[in-house]
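Here is the structure we will look at, set down as structure tokens.
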Ligand code: ASP
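In this note's numbering, the protein residues as written are 2 to 592.
So, in structure tokens, the structure goes:
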């Protein structure tokens with residue numbers, strides 16, 4: 002090795018030792034007489050000092066070194082003079098007096114400071130990702146990610162799981178997104194599809210008798226880059242044979258609890274994780290991904306608002322809709338401007354407006370609608386909302402599919418403003434009993450709400466014939482702080498049930514045979530009952546790291562536009578390459 006010690010490991014016990022360290026110049030200071038360098042490697046920082054009289058060569062090199070130069074330093078460890086220790090860093094009690102210094106490589110002036118985590122434009126960070134990755138924040142995140150994956154591997158190995166790789170060049174494995182396609186050179190006009198998940202392959206591994214499989218699997222989905230998504234992302238993909246949904250959920254819960262407790266300093270809010278049915282999640286929180294940290298919950302006042310003198314309320318109820326509200330404790334003094342901000346928020350979610358009632362601390366009522374109601378009606382609503390003086394009540398009236406998302410966004414915002422969404426806390430919950438299908442208006446057909454291999458609840462099997470919309474699936478989603486962390490299900494393992502699902506989603510028999518014939522055939526060779534789940538590693542690590550998006554926990558992520566700014570991908574290719582692939586590119590202008 003070019004070094005005897007790592008920079009960050011040196012302590013008072015090393016005083017008097019001759020050591021060699023190597024790393025990057027984090028910062029340098031020339032104090033006329035003495036010159037100082039903070040030398041950084043992955044383990045941390047150590048202070049180097051050079052004295053022109055004692056070691057002129059070393060001093061000369063150190064004087065010309067600049068940020069991010071790579072140096073090798075031989076010297077002796079000594080205690081820092083009294084009063085000059087730095088309690089903020091682990092090596093703060095000592096320094097290395099340089100005897101000999103070599104520049105292993107100089108560096109250009111970096112486009113941003115590496116030595117601190119001050120904000121830098123994200124495009125610049127992504128273009129110089131290798132410099133960004135040197136910064137403490139990214140280093141912490143990438144190491145945390147490694148810890149989490151290592152924990153997962155050990156945990157599953159202890160429980161008899163086997164890690165098996167599955168192909169990247171494969172055939173469509175649909176999860177509801179567009180496929181990435183790879184043209185075949187050897188087979189003109191044919192394409193591989195990159196897996197949206199290893200779903201089919203892990204099921205086939207169950208047919209093959211492996212019983213417990215997992216993989217840290219890369220998944221590819223060509224989606225419009227709405228929200229915080231990446232064209233490729235990583236899942237812990239797992240599958241088990243001879244299990245019921247309870248078994249998969251229990252194992253996953255133990256794994257998640259272990260990861261949080263072992264790899265992070267976050268507090269788990271609720272143990273065991275609460276379970277909500279889909280219907281309950283929608284009714285209570287207006288979303289299938291509830292953030293249960295935010296204490297405020299929507300309250301239904303439709304019965305009290307029906308027939309009242311405020312047309313927006315009474316008309317909504319008369320049309321089969323609802324009036325629901327949330328209580329914002331202590332926000333009764335909100336100004337019109339603050340209330341307008343909340344109105345804008347619900348309007349962005351599709352609501353027409355926000356009705357409000359403020360109970361001022363002194364007891365007087367300010368409201369956008371109370372004047373249209375009788376005193377008794379106002380009192381009944383205030384009581385139902387369990388409002389206290391000083392509270393602000395916020396209401397949305399419309400169809401449930403408008404009210405749900407609007408109040409969901411509103412309660413998150415109010416929770417945020419009231420400091421209820423502590424990033425130091427992780428609140429997991431399960432959502433179960435999803436409808437098996439969603440109705441696709443445009444295509445006039447049923448769409449699987451999870452994916453097409455999810456088994457119906459056994460007692461709902463007859464509904465596939467009579468009322469598919471009412472059938473529930475054996476699906477379970479794991480949610481944490483309002484983010485979907487994992488989705489899974491017990492699978493169909495019988496050919497006739499799988500064929501029935503294909504039929505209901507309008508998949509033509511010939512197409513189903515072409516795409517999934519191998520699955521249908523496999524089901525006829527003794528398929529065990531099986532099920533699995535796939536937690537998203539990026540999102541999990543993001544929550545553990547307290548980061549606002551998954552790009553912060555991926556070494557080389559793409560932008561929202563699916564571009565790699567560092568290497569410049571996607572990029573044009575040589576005409577010969579296209580020719581070999583039997584591909585002709587037609588741009589809009591050529592058509
Ligand atoms: N393949 C599913 C997904 O990627 C997870 C599963 O059902 O195991 O969401």
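Virtual Cβ for every residue (Gly too), placed ideally from N, Cα, C.
Q.
Nearest by alpha-carbon distance to residue 319: which of 59, 27, 306 is it?
A. Translated into the one-based positions of the chain shown, residue 319 becomes position 318. Checked all of 59, 27, 306; the closest Cα to residue 319 is 306.
Where does the unbroken alpha helix (DSSP H) through residue 585 begin, and where does it stop?
On the chain shown, position 584 is the one that residue 585 refers to. Per DSSP, residue 585 belongs to no alpha helix (DSSP H) and is neither H nor E.
Neighbourhood of residue 262 by C-beta distance below 8 Å, restricted to the same chain and skipping five residues each side: For the purposes of this step, residue 262 is identified with residue 261 of the chain shown, where counting begins at 1. Cβ neighbours of residue 262 beyond the five flanking positions: 269.
* Asked: Is residue 272 helix, strand or coil when you go by DSSP?
  -> Position 271 of the chain shown, counted from the first residue, corresponds to residue 272. Correct three-state label for residue 272: coil.
With the cut-off set at 8 Å, would you say residue 101 and residue 75 are in Cβ contact? Numbered from 1 along the chain shown, position 100 holds the residue referred to as residue 101. Numbered from 1 along the chain shown, position 74 holds the residue referred to as residue 75. Yes, they are a contact pair.
*asked:* Following a CB-centred definition, is residue 488 positioned closer than 7 Å to any heavy atom of the ligand ASP?
replied: The residue labelled residue 488 in the question sits at position 487 within the chain shown. Yes, the ligand ASP has a heavy atom inside 7 Å of this Cβ.
Exercise. Quick one, are the C-beta atoms of residue 495 and residue 435 less than 8 Å apart?
Worked result: Position 494 of the chain shown holds residue 495. Position 434 of the chain shown holds residue 435. Contact flag unset, no.
* According to DSSP, which residues form a beta bridge with residue 597? -> Residue 597 is absent from the model: the chain starts at 2 and stops at 592.
I'd like to confirm the pairing. Which residues does DSSP put opposite residue 538 in its beta bridges? Indexing the chain shown from 1 puts residue 538 at position 537. None; residue 538 has no bridge partner.
- Query: What three-state label does DSSP hand residue 242 in the structure shown?
  - Reply: The residue labelled residue 242 in the question sits at position 241 within the chain shown. In the structure shown, residue 242 sits in a strand (DSSP, three-state: E or B).
- Helix, strand or coil at residue 17 according to DSSP, with G and I counted as helix: As a working mapping, residue 17 is identified with position 16 in the chain shown. DSSP places residue 17 in coil when its eight states are reduced to three.
Q.
Give me the residue from 536, 16, 510 with the minimum Cα distance to residue 485.
A. By one-based count along the chain shown, residue 485 stands at place 484. Ranking 536, 16, 510 by Cα distance to residue 485 puts 536 first.
(message) So residue 311 and residue 374 are supposed to be a Cβ contact under 8 Å. How far apart are they, rounded?
(response) Translated into the one-based positions of the chain shown, residue 311 becomes position 310. Translated into the one-based positions of the chain shown, residue 374 becomes position 373. Rounded, the Cβ-Cβ distance is 6 Å, consistent with contact.
Exposed or buried, what is residue 497 when buried is set at 16 or more other beta-carbons lying within 10 Å of its beta-carbon?
One-based indexing of the chain shown puts residue 497 at position 496. Label assigned to residue 497: exposed.
_Proximity test, residue 176 beta-carbon vs the ligand ASP heavy atom, cut-off 7 Å_ = The residue you call residue 176 lines up with position 175 of the chain shown. Under cutoff, so the answer is yes.
* To do: Determine the DSSP secondary structure at residue 490, reduced to helix, strand or coil.
  => Here residue 490 is taken as the residue at index 489 of the chain shown, counted from 1. If DSSP states are grouped into helix, strand and coil, residue 490 belongs with the strands.
Quick check on the DSSP output: what are the complete alpha helix (DSSP H) runs of length 4 or more inside the stretch 386 to 459, in order along the chain?
401 to 418
* Note down, in chain order, each residue of its chain lying with its Cβ closer than 6 Å to the Cβ of residue 162, except the 5 sequence neighbours on either side. => Position 161 of the chain shown holds residue 162. Result list for residue 162: 213, 215, in chain order.
**Item:** Inter-residue Cα distance where the pair is residue 562 and residue 229
**Value:** Within the chain shown, numbered from 1, the residue matching residue 562 stands at position 561. Within the chain shown, numbered from 1, the residue matching residue 229 stands at position 228. So the two alpha carbons sit approximately 11 Å from each other.
Review point. Can you name the residues that DSSP bridges to residue 59?
Key: As a first step, residue 59 must be located in the chain shown, where it is residue number 58. Residue 59 is not bridged to any residue.
_Using only the alpha-carbon positions, how far apart do residue 421 and residue 144 sit?_
Along the chain shown, read from residue 1 onward, the residue named residue 421 stands at position 420. Along the chain shown, read from residue 1 onward, the residue named residue 144 stands at position 143. Near 29 Å, if we compare the C-alpha coordinates of residue 144 and residue 421.
Just to confirm my understanding: we take residue 256, look at its own chain, exclude 5 residues before and 5 after, and list those with CB closer than 6 Å. What are they?
Translated into positions along the chain shown, residue 256 becomes position 255. Taken in chain order, the residues that qualify are 156.
- prompt: Does the ligand ASP have a heavy atom nearer than 7 Å to the CB of residue 456?
  reply: As a working note, residue 456 is residue 455 in the chain shown. Not so, every heavy atom of the ligand ASP lies at least 7 Å from the Cβ.
Exercise. With a cut-off of 8 Å on the beta carbons, I'd call residue 267 and residue 425 a contact; round off their distance for me.
Key: In the chain shown, residue 267 corresponds to position 266, counting from 1. In the chain shown, residue 425 corresponds to position 424, counting from 1. Rounded, the Cβ-Cβ distance is 6 Å, consistent with contact.
Requested in this report: Measure the C-alpha to C-alpha separation of residue 460 and residue 549 and round it to an integer number of angstroms.
Outcome: As a working mapping, residue 460 is identified with position 459 in the chain shown. As a working mapping, residue 549 is identified with position 548 in the chain shown. Approximately 41 Å between the Cα atoms of the pair.
| query | With which residues is residue 213 paired in a DSSP beta bridge? | reply | The count along the chain shown starts at 1 and reaches residue 213 at position 212. Answer is 241, bridged to residue 213.
Three or more beta-carbon pairs under 8 Å between the stretch 574 to 585 and the stretch 133 to 142, yes or no? no
query: Under the three-state reduction of DSSP, which class applies to residue 468: helix, strand or coil?
result: Within the chain shown, residue 468 is the residue found at index 467, counting from 1. Three-state result, residue 468: coil.
Run the proximity test for residue 474: is its beta-carbon closer than 7 Å to any non-hydrogen atom belonging to the ligand ASP? Working through the chain shown from its first residue, we reach residue 474 at position 473. Not so, every heavy atom of the ligand ASP lies at least 7 Å from the Cβ.
- Residue interval of the beta strand (DSSP E) (run including residue 100): Reading the chain shown from its first residue, position 99 is the one you call residue 100. Here the beta strand (DSSP E) through residue 100 covers 95 to 106.
Original post:
Per DSSP, what kind of secondary structure is residue 278 in: helix, strand or coil?
Top reply: Locating residue 278 in the chain shown gives position 277, where the first residue counts as 1. Strand, per DSSP.
- Query: Terminal residues of the continuous alpha helix (DSSP H) containing residue 303?
  - Reply: Working through the chain shown from its first residue, we reach residue 303 at position 302. Counting along the chain, the alpha helix (DSSP H) containing residue 303 begins and ends at 303 to 306.
Within this structure, are the beta carbons of residue 150 and residue 538 separated by less than 8 Å? Here residue 150 refers to the residue found at position 149 when the chain shown is read from its first residue. Here residue 538 refers to the residue found at position 537 when the chain shown is read from its first residue. Yes, these two residues count as a Cβ contact at 8 Å.
Taking only three categories from DSSP, how would you classify residue 225? For the purposes of this step, residue 225 is taken as residue 224 along the chain shown, with counting starting at 1. In the structure shown, residue 225 sits in coil (DSSP, three-state: anything other than H, G, I, E or B).
Member of 6, 191, 49, 418 whose CA lies at the smallest distance from the CA of residue 339: As a working note, residue 339 is residue 338 in the chain shown. Looking at the Cα atoms, 418 is the closest of the given residues.
Subject >> Delimiting residues of the beta strand (DSSP E) encompassing residue 182 >> reply: Within the chain shown, numbered from 1, the residue matching residue 182 stands at position 181. Note, residue 182: beta strand (DSSP E), 182 to 184.
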